[in-house]
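Visitor: Protein chains in written order, with UniProt numbering: chain A, 1 to 351; chain B, 1 to 46.
Ideal Cβ placement from N, Cα and C applies to all residues, glycine included.
Owing to the predicted nature of the structure, the values given are computational and were not obtained by experimental measurement.
1) Pick out the complete alpha helix (DSSP H) segments inside the stretch 134 to 220 of chain A, 4 residues or longer, and give them in chain order.
2) Could you please tell me which residues of the stretch 215 to 241 of chain A, in chain order, have their CB closer than 7 Å to any CB of chain B?
3) On a Cα-Cα basis, can you pick out the residue from 259(A), 196(A), 96(A) that is closest to residue 179(A)?
4) Can you confirm whether residue 141(A), when its beta carbon is compared against all beta carbons of chain B, has any partner nearer than 8 Å?
5) Take residue 292(A) as the anchor and find which of 138(A), 282(A), 36(A), 269(A) has the nearest alpha-carbon.
6) Does DSSP put residue 129(A) in a helix, in a strand, or in coil?
7) Assuming residue 72(A) is part of the alpha helix (DSSP H), what are its boundary residues?
8) Considering Cα atoms alone, identify which of 204(A), 203(A), 192(A) is closest to residue 216(A).
9) Closer than 8 Å is the cut-off here; do at least three beta carbon pairs connect the stretch 323 to 332 of chain A with the stretch 150 to 167 of chain A?
10) With 16 other CB atoms within 10 Å as the buried threshold, where does residue 137(A) fall?
11) Considering Cα atoms alone, identify which of 295(A), 317(A), 229(A), 177(A) is closest to residue 148(A).
12) Under a Cβ-count criterion, where at least 16 other Cβ atoms within 10 Å of its own Cβ denotes burial, should residue 75(A) be classed as buried or exposed?
13) Spatial neighbours of residue 159(A) within its chain, please: C-beta separation below 6 Å, excluding the five flanking residues on both sides.
14) Give the interface partners of residue 212(A) over in chain B, defined as CB-CB distance under 9 Å, in chain order.
15) Can you tell me whether residue 33(B) is helix, strand or coil according to DSSP?
16) Leaving aside the five residues before and after residue 20(A) along the sequence, list all residues of the same chain whose C-beta is less than 7 Å from its C-beta, in chain order.
17) List, in order along the chain, the chain B residues whose C-beta lies closer than 8 Å to that of residue 252(A)?
18) Taking the alpha helix (DSSP H) that residue 321(A) belongs to, which residues open and close that run?
19) Kindly list the residues whose CB is nearer than 7 Å to the CB of residue 17(A), restricted to its own chain and excluding five residues on each side of it in sequence; keep chain order.
20) Using DSSP with H/G/I as helix, E/B as strand and the rest coil, what is residue 242(A)?
21) For residue 227(A), count neighbouring Cβ atoms within 10 angstroms of its own Cβ and tell me buried if that reaches 16, exposed if not.
22) Residue 211(A) to residue 199(A), Cα distance in whole Å?
23) Report, in whole angstroms, the separation of the C-beta atoms of residue 264(A) and residue 231(A), which I expect to be a contact under 8 Å.
24) Listed from N- to C-terminal order along the chain, which residues in the stretch 111 to 142 of chain A have their beta-carbon within a distance smaller than 7 Å of any beta-carbon of chain B?
25) Here's a check: name, in chain order, each residue in its chain whose Cβ is nearer than 7 Å to the Cβ of residue 248(A), leaving out the five neighbours to either side.
26) Please determine, among 65(A), 64(A), 135(A), 124(A), the residue with the shortest C-alpha to C-alpha distance to residue 93(A).
27) Hey, is residue 89(A)'s beta-carbon within less than 8 Å of any beta-carbon in chain B?
28) Check whether the Cβ atoms of residue 34(A) and residue 46(A) sit closer than 8 Å, and answer yes or no.
What follows is the structure, encoded as structure tokens:
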């Protein structure tokens, strides 16, 4: 009888460990099988096991991109808050942060990651620590707090470098660091990190991130005012028709083709992108395409459309685009000696 | 003279506060590059 009681407990602990490993290695089928198995014992779990189970369940649903059930699992975990150890608190805030990040609520995500960081010293696993710094660095990147993003990306690289099995995570940290150096205008270091990432993604044959890195290299060469080089990487990225970033690729391609005096190719990329932004109801990209077109093809309406576009970005709190387009418009007003308008847009560029 | 200085400081404070307040409400900073999702999966293909 003693055996009957102890065996399932040992088994459940082992299955929880297997589940955790399956989730981290993205073994979706194995993770789903273990989930079903564990669910059948849920009424027999101790409080500690239940907390571990619900926190892991939130990661399990995240892996499947099921954000609703992931949030439900977090809420379930919170009902045991009084019994939480520090390490549970770390995983809870981490999971909350990931959810906010996924919804592009970067400020909220950062608050959660800061709470989780308080308990980071409880973790023993270097890779998990590296993953944490990578997530926080990604959040700082989108909040445009570049120096802190670079600092956390460096800590992620240091933590992940010794582990060949986790080359994928190291590549993501290298890619992020390349983007940070791009924002810091250190283009040589940016190029170095982005190429390191590209080599790693090719090593592990990850087509998805090869495309992402090609987009980012394209962006680097756009910023370095080398549109011919940008086109090479962007055309490579365009081939995979990766839904999530396809509009960004088309935008940069249209820009680069206009700059290299290939208006018909530019119009082709612009038309595809503008139409797609309308079809998918992506208002931000719709404005960006419209503004790009006015800049190169319809100068009569350039000022008015850019003013309206910047107003739209202010309305939706897209401060990155407010700064980006205001700076360019301010330069235009300075060149055309419209100093009052230039001042207005320089101020907006500095928010 | 004192009134003018005070008014300038007040206006400056209001401008700075509104700018800082606006920046703190930042939710959607869409950059031109891409980092992929924050959900790390080692075999992520889409």
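Guide: This is what the structure holds:
1) 146 to 160, 167 to 183, 187 to 203
2) 215, 216, 219
3) 196(A)
4) yes
5) 269(A)
6) helix
7) 67 to 78 is the extent of the alpha helix (DSSP H) around residue 72(A).
8) 192(A)
9) no
10) buried
11) 177(A)
12) exposed
13) 126, 129, 130.
14) Listed by position along chain B, the residues whose Cβ is nearer than 9 Å to that of residue 212(A) are 33, 34, 35, 36.
15) Three-state DSSP puts residue 33(B) in coil, outside helix and strand.
16) Result list for residue 20(A): 56, in chain order.
17) 32
18) 319 to 335
19) none
20) coil
21) buried
22) 12 Å
23) Rounded, the Cβ-Cβ distance is 14 Å, inconsistent with contact.
24) 131, 135, 138, 141, 142
25) 215
26) 135(A)
27) no
28) no
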